[in-house]
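Encoded as structure tokens, the structure appears first; notes follow it.
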Amino acid sequence: MKISSHPEIIRAGSLLAADALFFSLTNPLKVASWLLIAGFGLAAATLYYFLRSAVRVASWYGLPVSRRQQRRVAEVAGILIGLLALQSIGQLSPRDVLVLLPLLLVTYLYSSYGRGHDVADS
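According to the numbering used here, the stretch in the sequence shown is residues 105 to 226, in order.
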């Protein structure tokens with residue numbers, strides 16, 4: 105099988121082509137708000153896909169990857185897209201990041217503690 109015909113490569117190429125086409129043809133200052141939302145959705149899908157692919161590659165090289173860690177990929181992608189959205193509308197400052205980091209750490213610790221006794225994810 106050729107590597108260029110692998111389904112994962114085709115999906116990655118399609119996402120990158122859609123990103124390039126969408127973001128090169130739209131002017132964020134002149135488009136309707138629903139197109140901005142569609143752009144963030146496309147960026148979120150691309151980021152999630154590539155983070156998930158990185159986790160899969162890590163598992164191919166022998167790093168243990170649990171289902172919980174795979175769920176964390178969606179959380180990380182959501183946080184990064186949220187930060188991108190805040191920055192793009194001019195509402196993200198270094199002070200905001202300093203406030204969000206401890207909050208995210210506490211949220212992570214709380215959710216890890218709450219699920220720490222699951223046997224199914226081990």
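Ideal Cβ placement from N, Cα and C applies to all residues, glycine included. Since this is a predicted model, take the numbers as computed values, not measurements.
Query                                                                  : Result
Nearest-angstrom Cα separation, counted from Arg-175 out to Ser-216    : 12 Å
CA-to-CA distance, Ala-181 to Ala-148, given in whole angstroms        : 7 Å
Val-177 burial status per 10 Å Cβ neighbour count (16 or more: buried) : buried
DSSP three-state assignment for Thr-211, whether helix, strand or coil : helix
Gly-188 versus Gly-166: straight-line alpha-carbon distance, rounded   : It is worth fixing the name first, because residue 188 is Leu in this sequence and not Gly. Distance between the alpha carbons of Leu-188 and Gly-166: 32 Å.
Continuous alpha helix (DSSP H) stretch holding Val-177: start and end : 171 to 192
Per-residue DSSP class, three states only, for Ala-136                 : coil
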